[in-house]
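Asker: Sending over a structure as structure tokens; questions will come in a sec.
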């Protein structure tokens with residue numbers, strides 16, 4: 001646990017992890033368990049514009065009040081690019097106005113593209129921050145060399161320790177899993193098209209489990225239209241014990257994304273000893289190599305099919321690849337993240 005004599009000086013800001021689904025909310029939920037005293041102000045939740053505006057305004061007022069009357073010295077802001085950045089910049093300006101130390105903790109992919117569209121504003125905001133937290137070596141290089149941020153620290157995404165569920169398999173097919181915001185960016189349609197094009201080949205060989213939110217109706221319609229229900233199953237939003245059971249029962253995790261930072265879902269799958277099929281984007285190559293998976297160019301359906309075939313033809317190597325995944329995933333367990341956070345806060349507090 002991060003002790004109270006440190007945590008009492010830290011105010012965390014981000015999406016409401018108790019009411020919101022998604023990667024950042026999941027990370028904040030895990031963070032809340034690391035602090036003896038977790039001081040948190042939510043900035044957004046839900047899709048209703050009026051509610052979101054109200055939550056945002058309330059958060060701004062609370063930050064002003066806490067900055068004047070509270071004992072906080074560090075404002076740790078969790079955000080990303082695009083709309084998230086546009087919201088969080090107001091908190092960065094406020095925190096610096098009140099002479100607080102500011103950490104901007106950047107999640108998700110797409111920041112490079114966003115920066116290229118808004119260079120002057122983004123650079124001006126980021127250079128006000130005392131520390132930029134990124135998820136990988138790739139992003140540290142980008143923020144240091146492209147933007148000129150002086151204090152860039154890598155803190156890996158946090159995952160909960162895996163809880164393996166005893167699941168008795170009732171078939172001999174390989175179970176593939178893909179979890180997240182289902183849509184084009186995750187490569188879901190590429191995967192479904194690839195399965196559709198080789199339907200007879202995959203029949204009785206694999207079962208693909210899709211879980212999450214996003215373009216659910218379109219995906220379910222595609223599955224029905226092309227009669228893929230024996231191969232592909234939509235599992236709904238997956239969390240808690242259901243996620244534990246799904247990952248415990250899986251043989252392979254697949255995520256043929258077009259945009260990613262450092263996908264939490266891949267790290268979670270690795271902690272459940274799963275081989276990974278994914279793409280050569282963002283920080284994924286820092287997670288996956290030939291020892292624990294296969295990486296392909298995004299959008300390359302031929303390579304995607306070859307990767308699936310390679311997995312099917314090398315079932316005897318899946319256990320070894322899964323163990324390699326697990327070894328890599330241990331760097332993201334709570335105890336390691338807690339140590340890194342404690343060092344960062346201590347340095348900003350001059351302890």
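In the UniProt record's numbering, the protein residues as written are 1 to 351. Quick reminder that beta carbons are idealized off the backbone N, C-alpha and C, glycines included.
1) Please name the residue in 4, 105 and 72 whose C-alpha comes closest to that of residue 136.
2) State the CB to CB distance for the pair residue 175 and residue 251, rounded to an integer number of angstroms; the pair is presumed to be in contact (CB under 8 Å).
3) Compare the C-alpha of residue 179 against each of 247, 304 and 343 and name the closest.
4) At the level of alpha carbons, what is the spacing between residue 254 and residue 141?
5) Could you compute how far the alpha carbon of residue 74 sits from the alpha carbon of residue 59?
6) Counting Cβ pairs, one atom from each stretch, are 3 or more of them under 8 Å apart for the region 164-175 and the region 334-350?
7) Contact defined as beta carbons within less than 8 Å: I believe residue 169 pairs with residue 249. What is the distance between those atoms, to the nearest angstrom?
8) Would you list the one or two residues that DSSP bridges to residue 40?
9) Just to confirm the assignment, what range does the alpha helix (DSSP H) spanning residue 125 have?
10) So, helix, strand or coil for residue 189, using DSSP?
11) If you follow the alpha helix (DSSP H) that residue 288 is in, where does it begin and where does it stop?
12) What separation, rounded to the nearest whole angstrom, lies between the Cα atoms of residue 10 and residue 157?
13) In or out: residue 308 buried (at least 16 other Cβ within 10 Å) or exposed?
14) Could you give the distance in angstroms between the alpha-carbon of residue 87 and the alpha-carbon of residue 14?
15) Is it a yes or a no for the region 298-305 touching the region 186-194, going by three-plus beta-carbon pairs under 8 Å?
16) For the beta strand (DSSP E) containing residue 157, name the first residue and the last one.
17) Between the alpha carbons of residue 271 and residue 256, how many angstroms are there, rounded?
18) I'd like to confirm the pairing. Which residues does DSSP put opposite residue 153 in its beta bridges?
19) Along the chain, where does the beta strand (DSSP E) that runs through residue 202 open and close?
20) DSSP puts residue 177 in a beta bridge; with which residues?
21) Write down every uninterrupted run of the alpha helix (DSSP H) in the region 221-281 whose length is 4 residues or greater and which is fully enclosed by it, in chain order.
22) Does the distance from the C-beta atom of residue 328 to that of residue 109 stay below 9 Å?
23) Got a sec? Which residues, its chain only, sit under 6 Å from residue 6 by beta carbon, not counting five neighbours each side?
Answerer: Looking at the atomic coordinates:
1) Within the chain shown, numbered from 1, the residue matching residue 136 stands at position 136. Checked all of 4, 105 and 72; the closest Cα to residue 136 is 105.
2) Position 175 of the chain shown, counted from the start, is the residue given in the question as residue 175. Position 251 of the chain shown, counted from the start, is the residue given in the question as residue 251. Cβ atoms of residue 175 and residue 251 come within 8 Å of each other, at about 5 Å.
3) Taking the first residue of the chain shown as position 1, residue 179 is located at position 179. From the listed residues 247, 304 and 343, the smallest Cα separation to residue 179 is found for 247.
4) Position 254 of the chain shown holds residue 254. Position 141 of the chain shown holds residue 141. Straight-line measurement puts the Cα of residue 141 at about 27 Å from the Cα of residue 254.
5) The count along the chain shown starts at 1 and reaches residue 74 at position 74. The count along the chain shown starts at 1 and reaches residue 59 at position 59. Separation of residue 74 and residue 59 (C-alpha to C-alpha, rounded to the nearest whole angstrom) is 16 Å.
6) Taking 8 Å as the limit for Cβ pairs, the verdict is that the region 334-350 does not touch the region 164-175.
7) Within the chain shown, the letter at position 169 stands for residue 169. Within the chain shown, the letter at position 249 stands for residue 249. In this structure residue 169 is in contact with residue 249, their Cβ atoms being roughly 7 Å apart against a cut-off of 8 Å.
8) Along the chain shown, read from residue 1 onward, the residue named residue 40 stands at position 40. For residue 40, which the question treats as bridged, DSSP gives the partners 12.
9) The count along the chain shown starts at 1 and reaches residue 125 at position 125. Element bounds for residue 125: 119-126.
10) Numbered from its first residue, the chain shown carries residue 189 at position 189. It is helical.
11) Locating residue 288 in the chain shown gives position 288, counting from the first residue. That residue, residue 288, is in no alpha helix (DSSP H); it is neither H nor E in DSSP.
12) The residue labelled residue 10 in the question sits at position 10 within the chain shown. The residue labelled residue 157 in the question sits at position 157 within the chain shown. When the Cα atoms are used, residue 10 and residue 157 turn out to be separated by approximately 19 Å.
13) As a first step, residue 308 is located in the chain shown; it is residue number 308 there, counting from the start. By the C-beta density criterion, residue 308 is buried, having at least 16 other C-beta atoms within 10 angstroms.
14) Residue numbering aside, residue 87 sits at position 87 when the chain shown is read from its first letter. Residue numbering aside, residue 14 sits at position 14 when the chain shown is read from its first letter. Cα-Cα distance, rounded: 10 Å.
15) Three or more beta-carbon pairs separated by less than 8 Å link the region 298-305 to the region 186-194, which places the two stretches in contact.
16) As a position in the chain shown, residue 157 is number 157, starting the count at 1. No beta strand (DSSP E) contains residue 157, which DSSP labels as neither H nor E.
17) For the purposes of this step, residue 271 is taken as the residue at position 271 of the chain shown. For the purposes of this step, residue 256 is taken as the residue at position 256 of the chain shown. Whole-angstrom Cα-Cα distance: 19 Å.
18) Taking the chain shown and counting its residues from 1, one reaches residue 153 at position 153. Its beta-bridge partners are 133.
19) The residue you call residue 202 lines up with position 202 of the chain shown. Residue 202 -> not in any beta strand (DSSP E); alpha helix (DSSP H) instead, spanning 199-202.
20) Looking up residue 177 in the chain shown gives position 177. In the DSSP output, where bridge partners are listed per residue, residue 177 has 209 and 253.
21) Every alpha helix (DSSP H) stretch that sits fully inside the region 221-281 and reaches 4 residues is listed by chain position as 240-249 and 264-271.
22) Residue 328 sits at position 328 when you count from the first residue of the chain shown. Residue 109 sits at position 109 when you count from the first residue of the chain shown. Cβ distance not < 9 Å, so residue 328 and residue 109 don't count as in contact.
23) On the chain shown, position 6 is the one that residue 6 refers to. Once the five neighbours on either side are set aside, the close Cβ partners of residue 6 are 345.
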